[in-house]
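Quick notes on the structure that follows.
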Amino acid sequence: MTSVTTTQAGSMSGEFDNTMDDGVSKAPLVLGEATYREITRKICRVAEAPKAPKAWYVAFAISTALVGVLGAMVTYAIATGVGVWGNNSPVFWGFPIINFVFWVGLAHAGTFISAILLLFRQKWRTGINRFAEATTVFAVVCAGLFPAIHVGRPWLAYWMLPIPNVMGVWPNFYSPLLWDAIAVGTYSTVSTLFWYVGMIPDLATFRDRAKTRRRQFIYGILAMGWRGSARHWQLYERTVLILAGLATALVLGVSSTVSTDFAVSQLPGWHETIFPPYFTVGAIFSGFALVLALAIPARELFGLKDIITRRHLDNLAKITLVMGSIVTYIYLMEFFIAYYSGNGYEQFAYLTRIMGPYWRMGWLILFCNCLVPQIFWFKFARTTWWLAWPAAVLCLVGMWSERFVIIITILNRDFLPSAWHNYSPTYVDWLTFAGSIGLFFTLFLLFCRFLPMIAMCEVKAILPQAHGHGHEDSAAEAGH
Amino acid sequence: MSTAQNMEKPMSAPRLYGLLAEFSDVQALLDAAVALRKAGYKRWDCYTPFPVHGMEKAMGLRPSILPWIAFTGAMGGVVSILALAPLCNAFLYPMIFSGKPYWGLPGHIPMAFALGILGGTVFVVHGMFVLARLPQFYHPLLHSERFRRVTDDGMFIAVEATDPSYSPSATTELLKKLGATAVEEVRD
């Protein structure tokens, strides 16, 4: 373990261990040659290179092929009817709702990093916030797809809106399903605006460095004529701060609202007050696992090790550990309350989870979400890619399984045993889910290639030379 | 943008926009901003690749009204849903859902919460664009080749020719004295 002062940082490359402060000075967050110009060059290089790395083309080919599969499966389901899925009575929800809840959860890390960590002045967030926000936007796109096709007749989806109509019927504003639609609609709007507003100064950098007319034109339109004016920066910073405050409330609110789809119902195993925090923590847990799983290959592939440093991976893994531990606590508490309530239906629901027809999934959850993140107690695991990456992917598998178990094991055991019916997904279900993963990666890969993947202006602002050393008039401001 | 450079030369000489001065580091820029403000200049601005802490104080910028715009939007969102829900479920087609009252606040809180955030966000983002007068695809400063570095590593102060205290020679002198590494005229 070596520690360095900021002045030494210039000679440190991306593999340097900056995960600990030496007690005298902070370890640097930006490694390598930490000048404004060098940061611009390193980050723009990704989008300006005439050709992307080979791995990018391979990944893009696979992802777009999966998007084709997604299109085919959605078309097939809509043209034929939802009977092509494994959904049955009483398991009416099935894969579409599992995948919806899963994808909404994955979105949460981006908002957490860009909103809550901004309010807490966590400077390390600047290296990863932009692409974490991108995962938010794209995950919400994937999430929104599933309820839209789950209604079965998507061309009638506008019935959910309060539009005057000849039938004189209106949406039920007491329904959690409507709350959910409103919450997720708000989430997609807010996260897209937050992402775009934050990107404007960096789009201006792309515009000013553009070599071709086409790039000048497209980035010129997107940058809206940004010119770095101090008056604009003042408004920009204030807007980002207000958006962070609003998004902080939102990140805690969206999954809470999604959980009311379950908690407001009367079913044992769903009708629980712990559900809103349970869903939110699970969402943040899976989201951080996703960002970790994406950051590890991205820094390698695009040569960004100086900006997404080991410290970033270390911190992401630590938050994953904390969230995974809270999830574990909630699992234990659910089982305990089921026992302590003395309610036979509640106890049956939880025994079914680990001993019923889906017991393998039940134990897989406990393994992936409770045991696997515990390796992040060890610094070696947090900063070693061949340990951290599989662990993060296992956390994602665990969270998807959790959504599966919450939905399927409660629905397939109805109150009367005569109504019991097991659920098994069809190939259409599986391919639609795989297609949504392809859609996510297609969007993410396009983003990495064509948009500023790292918030250049924010990374520059955390360099030591970006701060004045206090002034008669500005001392109070600059002193914090 | 280069659109302007590729255009043919206009017949009359272009109007003078003002002086563009480049500075080498953040502290020099902050000091120069304080000095310009104290010298009584009114129509000038600093340009940087990232937000500079203490710049608002140095330039004497007043806080914006953005928080109030956001608050208005948030309250608008809350009020609109609390009005829309009873309008639909209590007046236009009165209906009892699972024994709940026609209009009950607790069941409408989740929507009011979400729409408050939505209203605040939409208002604050649009408010920012309106107050910053963006999008603005043409600006005289974008003619300057040097100014393109403002989104990379350049730090600038531009004093407009319309400023009452502006004088071609005296302002150039002042900017140089404040540590500008280069001063150039920018034309419209």
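Chains D and G, in that order, are what the protein sequence lines are.
Residue numbers for the first sequence, in this note's numbering: 848 to 1327.
Residue numbers for the second sequence, in this note's numbering: 234 to 421.
The C-beta atom is built at its ideal place from N, Cα and C for all residues, glycine as well.
Neighbouring residues, chain D, relative to residue 376 of chain G (Cβ below 7 Å): Counted from its first residue, the second sequence places residue 376 of chain G at position 143. In chain order: nothing, as chain D lies at least about 12 Å away.
Within the stretch 282–337 of chain G, ranges of the alpha helix (DSSP H) (whole runs, at least 4 residues): 288–292, 299–319
Meets three-Cβ-pair contact criterion under 8 Å: the stretch 1133–1141 of chain D and the stretch 952–966 of chain D: yes
Top-ranked residue by Cα proximity to residue 1177 of chain D, from D:1213, D:1151, D:1148: Position 330 of the first sequence, counting from 1, holds the residue named residue 1177 of chain D. Minimum Cα distance to residue 1177 of chain D is reached at D:1213.
Alpha-carbon spacing of residue 927 of chain D relative to residue 1079 of chain D, whole angstroms: One-based indexing of the first sequence puts residue 927 of chain D at position 80. One-based indexing of the first sequence puts residue 1079 of chain D at position 232. Cα to Cα, the separation comes out at about 53 Å.
Three-state secondary structure (DSSP) of residue 1111 of chain D: Position 264 of the first sequence, counted from the start, is the residue given in the question as residue 1111 of chain D. Note: residue 1111 of chain D maps to coil in three-state DSSP.
Residue 258 of chain G, DSSP secondary structure in three states: Here residue 258 of chain G corresponds to residue number 25 of the second sequence, with the count starting at 1. Residue 258 of chain G: coil per DSSP, three-state reduction.
Buried or exposed by the 16-neighbour rule on C-beta atoms within 10 Å, applied to residue 264 of chain G: Here residue 264 of chain G is taken as the residue at index 31 of the second sequence, counted from 1. It counts as buried.
Neighbouring residues, chain G, relative to residue 1076 of chain D (Cβ below 7 Å): Taking the first residue of the first sequence as 1, we reach residue 1076 of chain D at position 229. Result: 278, 280.
Presumed contact (8 Å Cβ cut-off) between residue 1145 of chain D and residue 1139 of chain D, rounded CB distance: As a first step, residue 1145 of chain D must be located in the first sequence, where it is residue number 298. As a first step, residue 1139 of chain D must be located in the first sequence, where it is residue number 292. No, residue 1145 of chain D and residue 1139 of chain D are not in contact; Cβ-Cβ is about 11 Å, not under 8 Å.
Rounded Cβ spacing between residue 1098 of chain D and residue 1126 of chain D (contact assumed at less than 8 Å): For this step, residue 1098 of chain D is matched to residue 251 along the first sequence. For this step, residue 1126 of chain D is matched to residue 279 along the first sequence. That belief does not hold up - the Cβ atoms of residue 1098 of chain D and residue 1126 of chain D are roughly 12 Å apart, past 8 Å.
Local conformation of residue 853 of chain D per DSSP, three classes: To locate residue 853 of chain D, count along the first sequence from 1; it is residue 6. Note that residue 853 of chain D scores 43 on pLDDT, short of 50, meaning its location in the model is unreliable and no value can be drawn from it.
Beta-carbon proximity of residue 388 of chain G to residue 305 of chain G, cut-off 7 Å: Looking up residue 388 of chain G in the second sequence gives position 155. Looking up residue 305 of chain G in the second sequence gives position 72. The answer is no: Cβ separation not under 7 Å.
Residue 1307 of chain D classed as buried or exposed, judged by whether at least 16 other C-beta atoms fall within 10 angstroms: Here residue 1307 of chain D corresponds to residue number 460 of the first sequence, with the count starting at 1. Classification of residue 1307 of chain D: buried, given that the 10 Å Cβ count is 16 or more.
Boundaries of the beta strand (DSSP E) in which residue 418 of chain G is found, first to last residue: By 1-based counting over the second sequence, the position of residue 418 of chain G is 185. Counting along the chain, the beta strand (DSSP E) containing residue 418 of chain G begins and ends at 415–420.
Sub-7 Å separation of residue 1143 of chain D and residue 1236 of chain D beta-carbons: Your numbering for residue 1143 of chain D matches position 296 in the first sequence. Your numbering for residue 1236 of chain D matches position 389 in the first sequence. Their beta carbons are under 7 Å apart, which means residue 1143 of chain D touches residue 1236 of chain D by this criterion.
Buried versus exposed, by CB contacts within 10 Å (16 or more), residue 406 of chain G: Taking the second sequence and counting its residues from 1, the one referred to as residue 406 of chain G is at position 173. With fewer than 16 other Cβ atoms within 10 Å, it is exposed.
Every unbroken beta strand (DSSP E) inside the stretch 342–399 of chain G [3 residues or more]: 388–393
Cβ-Cβ distance between residue 950 of chain D and residue 941 of chain D below 7 Å: Along the first sequence, read from residue 1 onward, the residue named residue 950 of chain D stands at position 103. Along the first sequence, read from residue 1 onward, the residue named residue 941 of chain D stands at position 94. Going by C-beta atoms, residue 950 of chain D is not nearer than 7 Å to residue 941 of chain D.
One or two residues paired with residue 1242 of chain D in a DSSP bridge: Along the first sequence, read from residue 1 onward, the residue named residue 1242 of chain D stands at position 395. Residue 1242 of chain D is not bridged to any residue.
Three-way DSSP call (helix, strand, coil) for residue 1321 of chain D in this model: Translated into positions along the first sequence, residue 1321 of chain D becomes position 474. A caution first: residue 1321 of chain D carries a pLDDT of 41, below 50, which makes its placement in the model unreliable, though a value can still be read off. Reduced to three states, the DSSP call for residue 1321 of chain D is coil.
Where residue 1248 of chain D sits in the DSSP three-state scheme: Within the first sequence, the letter at position 401 stands for residue 1248 of chain D. Of the three classes helix, strand and coil, the one that applies to residue 1248 of chain D here is helix, per DSSP.
Residue 864 of chain D, DSSP secondary structure in three states: Position 17 of the first sequence, counting from 1, holds the residue named residue 864 of chain D. Looking at residue 864 of chain D - three-state DSSP - the assignment turns out to be coil, as it is neither helix nor strand.
Segment contact, 8 Å Cβ cut-off, at least three pairs: the stretch 243–259 of chain G with the stretch 1063–1083 of chain D: no
Delimiting residues of the beta strand (DSSP E) encompassing residue 1217 of chain D: Start at 1 with the first residue of the first sequence, and residue 1217 of chain D comes out as number 370. No beta strand (DSSP E) holds residue 1217 of chain D; DSSP gives it neither H nor E.
Three-state class that DSSP yields for residue 936 of chain D in the structure shown: In the first sequence, counting from the first residue as 1, residue 936 of chain D sits at position 89. Here residue 936 of chain D sits in coil by DSSP.
7 Å CB neighbourhood of residue 1209 of chain D in its chain, flanking five on each side removed: For the purposes of this step, residue 1209 of chain D is identified with residue 362 of the first sequence, where counting begins at 1. Closer than 7 Å at Cβ, skipping near neighbours: 1200, 1201, 1252.
Cut-off 8 Å between Cβ atoms - residues of its own chain near residue 1244 of chain D, not counting five sequence neighbours on either side: Reading the first sequence from its first residue, position 397 is the one you call residue 1244 of chain D. So the qualifying residues of the chain are 1211, 1215.
Residue 251 of chain G in three-state terms, based on DSSP: Counting from 1 along the second sequence, the entry for residue 251 of chain G is found at position 18. Strand, per DSSP.
Unbroken stretches of the alpha helix (DSSP H), 4 residues or longer, contained in the stretch 926–986 of chain D: 941–958
Every unbroken alpha helix (DSSP H) inside the stretch 1054–1109 of chain D [4 residues or more]: 1060–1070
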